[in-house]
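**Student:** So the sequences go chain by chain: S and D.
Start counting the first sequence at 314; every next residue gets the next number (our numbering).
Start counting the second sequence at 314; every next residue gets the next number (our numbering).
There are 2 protein chains.
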Amino acid sequence: MAIPASLRQDLCDIPVLEDPGSLRMRSRDFFWFSPILKETLDDKRADIVVVPRDKADVMRVAAACARNRVPLTVRGGGTGNYGQAVPLAGGVVLDMTKLDQVIWHRPGAGRFGAGARMLDIDRALAPAAHELRFYPSTRQHATIGGFIAGGAAGAGSCTWGQISDPGAVLAVEVVTIEEHPRVVELRGRDVLKVMHAYGVNGIITEVEVPLAPSHPWCERIAAFPSLAAAARFAHAFTECDGIAKKLVTVHDPQVVPYLRRLAPYAGPGQAMVIIMVSEPQAEALELLAADHGGEITFRRGAEEARQAAFAEISGLQPLYEFTWNHTTLHAIRIDPSITYLQLRFPPANNLELVDWVAERFRDEVLLHLEFQRRFGKVTCSSLPLVRYRSAERLDAIMAELDAKGVAVSNPHTFVLDNAGWKRVDAPQAEFKRMADPYGLMNPGKLKHWQAEDMQAIA
Amino acid sequence: MAIPASLRQDLCDIPVLEDPGSLRMRSRDFFWFSPILKETLDDKRADIVVVPRDKADVMRVAAACARNRVPLTVRGGGTGNYGQAVPLAGGVVLDMTKLDQVIWHRPGAGRFGAGARMLDIDRALAPAAHELRFYPSTRQHATIGGFIAGGAAGAGSCTWGQISDPGAVLAVEVVTIEEHPRVVELRGRDVLKVMHAYGVNGIITEVEVPLAPSHPWCERIAAFPSLAAAARFAHAFTECDGIAKKLVTVHDPQVVPYLRRLAPYAGPGQAMVIIMVSEPQAEALELLAADHGGEITFRRGAEEARQAAFAEISGLQPLYEFTWNHTTLHAIRIDPSITYLQLRFPPANNLELVDWVAERFRDEVLLHLEFQRRFGKVTCSSLPLVRYRSAERLDAIMAELDAKGVAVSNPHTFVLDNAGWKRVDAPQAEFKRMADPYGLMNPGKLKHWQAEDMQAIA
Chain S
314 MAIPASLRQD
324 LCDIPVLEDP
334 GSLRMRSRDF
344 FWFSPILKET
354 LDDKRADIVV
364 VPRDKADVMR
374 VAAACARNRV
384 PLTVRGGGTG
394 NYGQAVPLAG
404 GVVLDMTKLD
414 QVIWHRPGAG
424 RFGAGARMLD
434 IDRALAPAAH
444 ELRFYPSTRQ
454 HATIGGFIAG
464 GAAGAGSCTW
474 GQISDPGAVL
484 AVEVVTIEEH
494 PRVVELRGRD
504 VLKVMHAYGV
514 NGIITEVEVP
524 LAPSHPWCER
534 IAAFPSLAAA
544 ARFAHAFTEC
554 DGIAKKLVTV
564 HDPQVVPYLR
574 RLAPYAGPGQ
584 AMVIIMVSEP
594 QAEALELLAA
604 DHGGEITFRR
614 GAEEARQAAF
624 AEISGLQPLY
634 EFTWNHTTLH
644 AIRIDPSITY
654 LQLRFPPANN
664 LELVDWVAER
674 FRDEVLLHLE
684 FQRRFGKVTC
694 SSLPLVRYRS
704 AERLDAIMAE
714 LDAKGVAVSN
724 PHTFVLDNAG
734 WKRVDAPQAE
744 FKRMADPYGL
754 MNPGKLKHWQ
764 AEDMQAIA
Chain D
314 MAIPASLRQD
324 LCDIPVLEDP
334 GSLRMRSRDF
344 FWFSPILKET
354 LDDKRADIVV
364 VPRDKADVMR
374 VAAACARNRV
384 PLTVRGGGTG
394 NYGQAVPLAG
404 GVVLDMTKLD
414 QVIWHRPGAG
424 RFGAGARMLD
434 IDRALAPAAH
444 ELRFYPSTRQ
454 HATIGGFIAG
464 GAAGAGSCTW
474 GQISDPGAVL
484 AVEVVTIEEH
494 PRVVELRGRD
504 VLKVMHAYGV
514 NGIITEVEVP
524 LAPSHPWCER
534 IAAFPSLAAA
544 ARFAHAFTEC
554 DGIAKKLVTV
564 HDPQVVPYLR
574 RLAPYAGPGQ
584 AMVIIMVSEP
594 QAEALELLAA
604 DHGGEITFRR
614 GAEEARQAAF
624 AEISGLQPLY
634 EFTWNHTTLH
644 AIRIDPSITY
654 LQLRFPPANN
664 LELVDWVAER
674 FRDEVLLHLE
684 FQRRFGKVTC
694 SSLPLVRYRS
704 AERLDAIMAE
714 LDAKGVAVSN
724 PHTFVLDNAG
734 WKRVDAPQAE
744 FKRMADPYGL
754 MNPGKLKHWQ
764 AEDMQAIA
């Protein structure tokens with residue numbers, strides 16, 4: 314679409330980008346992990362990228378889009394995997410990364426501009442010995458607003474669960490897309506109205522979250538003779554309430570070679586467990602690993618691990634960049650035919666099901682397990698690598714996993730209706746009608762919504 | 314027994330107490346919660362109380378007792394309930410409370426003199442925003458050494474489990490009872506050699522534990538229509554991984570009147586839940602309580618709660634002093650015929666068993682529940698009040714509970730053999746042979762030991 318002159322005029326002096334390179338780069342996220350999304354989303358483009366400097370700018374953009382009925386897609390760090398930042402109908406991409414303030418923090422909580430990158434937040438909190446409870450493996454680029462809008466879990470989930478758990482997000486501030494935009498503060502359970510809505514329920518401008526007083530997280534890698542042994546250790550370790558931990562990731566022996574720089578830390582055919590643990594308790598961890606036949610092959614102290622994460626030293630990147638969906642990134646770089654799935658194992662029999670998946674799909678579905686707490690119990694999720702054959706085969710795999718009791722979230726769809734949207738127990742649709750009455754927020758992202766909306770306007 | 318002159322000479326200038334009042338008071342702990350222990354232990358007396366000023370003094374006392382074959386009983390704050398501090402065979406009581414140094418602390422860990430009181434440790438750690446992970450309700454008087462030797466859990470267990478869990482104690486320093494005492498450092502799993510050994514396995518002089526970076530713990534009381542509703546809420550709340558918490562205690566409606574100063578915070582027939590939660594997440598807690606039919610009847614902010622605990626303000630004592638075994642203390646003050654039991658409910662069906670106990674024993678066994686994490690799962694333990702009828706009836710109750718699957722630890726015995734001693738998976742007996750070769754540490758505490766030992770010496 315062509316950008317109406319009246320929109321340009323309404324934007325006034327707010328910085329914009331219109332060169333083809335910027336339009337392309339800021340219309341993308343990591344959807345290309347999926348061959349199916351890659352085909353569908355690759356050519357989607359913003360017509361203009363707007364880069365607000367502050368909340369007043371955001372409100373002017375919201376008003377301008379409402380007045381001119383121009384689609385608006387909100388973009389954080391662009392680290393999502395389901396096209397959260399891809400403008401399906403063109404129009405404006407709103408780059409939020411200048412709203413990056415630490416608004417305040419005190420013991421146990423902090424409030425941040427939605428565009429603040431999570432690593433930068435932790436940098437700012439470090440002198441106060443506090444930190445974000447969770448971060449995705451994309452901590453360096455991901456924004457807190459984008460994570461709340463489209464994320465779920467990450468490093469920290471082995472202790473704190475998921476970001477949709479009770480109390481995990483304290484408040485969210487949202488700007489509505491209207492001629493006279495409103496600033497809405499959602500607190501308590503109302504935050505669920507915008508969480509996992511992938512940015513279609515208003516523009517998140519500020520986020521308030523509980524913080525964790527920080528532990529000195531050191532890094533360890535342990536090698537195990539098999540996936541089963543590694544998984545049993547990881548489960549037992551995550552159940553050790555008395556050992557403070559930030560990350561517990563298990564890699565199948567077949568995954569290890571894709572993690573190039575880590576490959577030397579496991580022998581041929583060995584599984585690998587990546588751990589971040591409170592440094593004074595590393596000894597307790599190592600004893601438990603030995604009990605399970607594990608051997609510690611890599612150790613990095615907390616101070617050095619911190620420096621690696623904060624890019625204060627060169628050398629091996631932080632180990633969390635070899636976990637969660639970074640695993641897929643490493644693998645695709647080596648073998649572009651690889652894609653992935655999203656699985657959750659039920660706590661009652663997660664280890665048995667892990668064994669079953671490994672046996673059933675052998676070299677087609679390569680497991681890595683992210684251990685976490687879910688509603689007071691320990692279990693694991695997985696973003697397994699998949700050697701891609703066809704969309705049909707992918708569907709067949711998912712159906713078989715689902716039938717067996719492994720919960721599947723399909724990461725190969727960009728529409729929300731069958732993904733996050735309907736699973737959250739909150740009046741998201743009602744809120745959208747209020748926050749985005751003209752249905753301008755990334756139209757197409759909600760399939761059924763668009764139909765309803767068109768009727769409403771007509 | 315008469316104290317040999319040679320012992321006196323060996324003690325040299327180490328401070329001692331010999332007046333009848335001191336001998337009586339320092340030969341006691343809270344064993345009198347049990348009518349059975351009260352009868353057995355009430356007349357046990359030290360012949361002399363020795364108050365070492367430092368580790369060198371401790372070693373001189375150990376050597377003196379070994380040389381003169383005088384029994385030695387180690388005493389911390391005297392807050393135990395099973396005669397841990399009661400010298401069954403007289404002799405020396407070693408009062409450790411002058412060894413109260415904060416030896417060092419750094420993020421995530423600290424090392425303390427065994428005689429340091431737990432509240433004082435937290436006072437010292439407060440400027441560094443760290444705290445002990447656990448404390449018993451007797452935090453004000455209990456020493457860290459005594460807690461390691463004879464404690465198990467307390468405030469903090471809803472997050473961190475128990476002190477015998479892997480990694481929960483990093484190291485213990487022990488002085489042996491020999492003519493030439495040795496200082497032994499136990500690290501890793503070796504700490505189990507002295508934990509829950511009630512001071513008969515050497516003199517604990519220093520303790521190294523992981524610390525928790527501290528949250529701002531505020532206090533809440535919620536009232537519920539029934540014990541069952543309160544227990545279900547407390548279970549669900551403890552399962553909320555995303556809400557940082559320090560204490561979750563449920564009181565049966567029949568217990569509430571005994572907690573005099575708290576009684577106004579529950580209506581007639583209402584159960585009560587006492588909570589310490591990270592202040593920024595109190596709202597999430599209150600929402601969950603409302604879901605379960607609970608009403609918040611008391612709120613105290615984190616700063617005020619801290620001041621109350623640190624005795625910087627007058628007024629209501631900290632709420633944890635109405636939980637765990639303090640409950641029994643409050644009840645006995647009102648009704649001296651009350652005693653208590655120690656129960657652990659299995660995680661798989663704890664709530665069903667709670668219902669069963671409440672129904673089966675109605676006004677004879679009054680439950681209060683301490684919710685905690687055990688090996689990665691949420692469950693509850695209980696120190697229920699019991700309207701005492703006879704030792705036989707107490708045995709019958711315990712047998713019935715045990716048969717139903719509720720784990721019972723008998724708090725009405727002062728011998729270790731059937732209590733903590735045999736349950737810990739560590740070579741405690743072997744260690745005792747090394748640390749106390751003459752069997753001088755509170756002889757009588759280990760029934761079978763004494764027999765073996767006598768043979769060995771004979």
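We put the CB at the ideal spot given by N, CA and C, even for glycine.
What separation, rounded to the nearest whole angstrom, lies between the Cα atoms of residue 416(D) and residue 487(D)?
**Tutor:** 15 Å
**Student:** Using a Cβ-Cβ cut-off of 7 Å (strictly less than) and excluding sequence neighbours within five positions of residue 538(S), which residues of its own chain qualify?
**Tutor:** 583 and 606
**Student:** Name the chain D residues that come within less than 9 Å of residue 621(S), Cβ to Cβ?
**Tutor:** What residue 621(S) touches in chain D: nothing, since even the nearest Cβ is about 18 Å away.
**Student:** Check each residue of the region 591–624 of chain D: if its Cβ is closer than 7 Å to any Cβ of chain S, include it; give the result in chain order.
**Tutor:** 591, 592, 593, 594, 596, 597, 600 and 601
**Student:** At 4 residues or longer, what runs of the alpha helix (DSSP H) sit wholly inside the region 452–528 of chain S?
**Tutor:** 457–463 and 470–473
**Student:** Give the range of the alpha helix (DSSP H) segment to which residue 711(S) is assigned.
**Tutor:** For residue 711(S), the uninterrupted alpha helix (DSSP H) run begins and ends at 704–717, by DSSP.
**Student:** Mind listing the chain D neighbours of residue 528(S)? Cutoff is C-beta to C-beta under 8 Å, in chain order.
**Tutor:** 420, 421 and 526
**Student:** Since I believe residue 524(S) is in contact with residue 404(S) (beta carbons under 8 Å), could you give me their beta-carbon distance rounded to a whole number of angstroms?
**Tutor:** 36 Å between Cβ atoms; not a contact.
**Student:** Could you give the distance in angstroms between the alpha-carbon of residue 418(D) and the alpha-carbon of residue 446(D)?
**Tutor:** 14 Å
**Student:** Can you tell me which residues form a DSSP beta bridge with residue 589(S)?
**Tutor:** 532(S) and 560(S)
**Student:** Excluding five sequence neighbours on each side, which residues of the same chain lie with their C-beta closer than 7 Å to the C-beta of residue 567(D)?
**Tutor:** 676 and 679
**Student:** Using a Cβ cut-off of 9 Å, which residues of the region 671–690 of chain D contact any Cβ in chain S, in chain order?
**Tutor:** Contact annotation: in the region 671–690 of chain D, residues whose CB is within less than 9 Å of a CB in chain S are 685, 686, 687, 688, 689 and 690.
**Student:** Which residue comes first and which comes last in the alpha helix (DSSP H) that contains residue 639(S)?
**Tutor:** 639–647
**Student:** Just list the residues that DSSP pairs residue 690(S) with in beta bridges.
**Tutor:** 687(S)
**Student:** Please state whether DSSP places residue 353(S) in a helix, a strand or coil.
**Tutor:** helix
**Student:** Using the Cβ count rule (16 or more neighbours within 10 Å means buried), how would you classify residue 735(S)?
**Tutor:** Confidence at residue 735(S) is low in this model, with a pLDDT of 47, below 50, so its placement is unreliable and the value that follows should be read with caution. That one is exposed.
**Student:** Tell me which residues of the region 554–566 of chain D have at least one Cβ-Cβ distance to chain S shorter than 8 Å, keeping chain order.
**Tutor:** 554, 555, 556 and 557
**Student:** Please list the partners that residue 438(D) has in chain S, where partner means a Cβ-to-Cβ separation under 8 Å.
**Tutor:** For residue 438(D), there are no neighbours in chain S by C-beta distance under 8 Å, as the nearest C-beta there is about 12 Å away.
**Student:** Between residue 479(S) and residue 507(S), what straight-line distance do the alpha-carbon atoms span, to the nearest angstrom?
**Tutor:** 15 Å
**Student:** Identify the contact partners of residue 502(D) in chain S, using a Cβ-Cβ distance below 7 Å as the criterion.
**Tutor:** 600
**Student:** Compare the C-alpha of residue 668(S) against each of 717(S), 685(S), 348(S) and 618(S) and name the closest.
**Tutor:** If we check each option's Cα against that of residue 668(S), 717(S) comes out closest.
**Student:** Going by other Cβ atoms of all chains shown within 10 Å of its Cβ, with 16 needed for buried, is residue 594(S) buried or exposed?
**Tutor:** buried
**Student:** For a quick check, are the C-beta atoms of residue 698(S) and residue 644(S) less than 9 Å apart?
**Tutor:** yes
**Student:** For the region 459–474 of chain D, which residues have a CB atom closer than 9 Å to at least one CB atom of chain S, in sequence order?
**Tutor:** 470, 472, 473 and 474
**Student:** Identify which residue in 743(S), 373(S), 705(S) and 510(S) has its Cα closest to the Cα of residue 364(S).
**Tutor:** 373(S)
**Student:** According to DSSP, simplified to helix, strand and coil, what is residue 434(S)?
**Tutor:** helix
**Student:** According to DSSP, is residue 721(D) helix, strand or coil?
**Tutor:** strand
**Student:** Among 376(S), 392(S) and 639(S), whose alpha-carbon lies nearest the alpha-carbon of residue 385(S)?
**Tutor:** 376(S)
**Student:** Leaving out the 5 sequence neighbours to the left and right, which residues in its chain are closer than 7 Å to residue 664(D) when beta-carbon positions are compared?
**Tutor:** 544, 545 and 548
**Student:** State the DSSP-derived secondary structure class of residue 757(S), mapped to helix, strand or coil.
**Tutor:** coil
**Student:** With contact counted as at least three CB pairs below 8 Å, one residue from each stretch, are the region 574–583 of chain S and the region 392–406 of chain D in contact?
**Tutor:** no
**Student:** Is the region 684–699 of chain D touching the region 684–697 of chain S in the sense that three or more CB pairs, one from each, lie closer than 8 Å?
**Tutor:** yes
**Student:** Between the Cα of residue 604(S) and those of 502(D), 540(D) and 414(D), spot the shortest distance and give me the residue it belongs to.
**Tutor:** 502(D)
**Student:** Closer than 9 Å between beta carbons: that is the criterion. Which residues of the region 489–500 of chain D meet it against chain S?
**Tutor:** 500
**Student:** What residue range does the alpha helix (DSSP H) around residue 321(D) cover?
**Tutor:** Where residue 321(D) is concerned, the enclosing alpha helix (DSSP H) stretches over 318–324.
**Student:** Between the alpha carbons of residue 520(S) and residue 366(S), how many angstroms are there, rounded?
**Tutor:** Rounded to whole angstroms, the separation of the alpha carbons of residue 366(S) and residue 520(S) is 17 Å.
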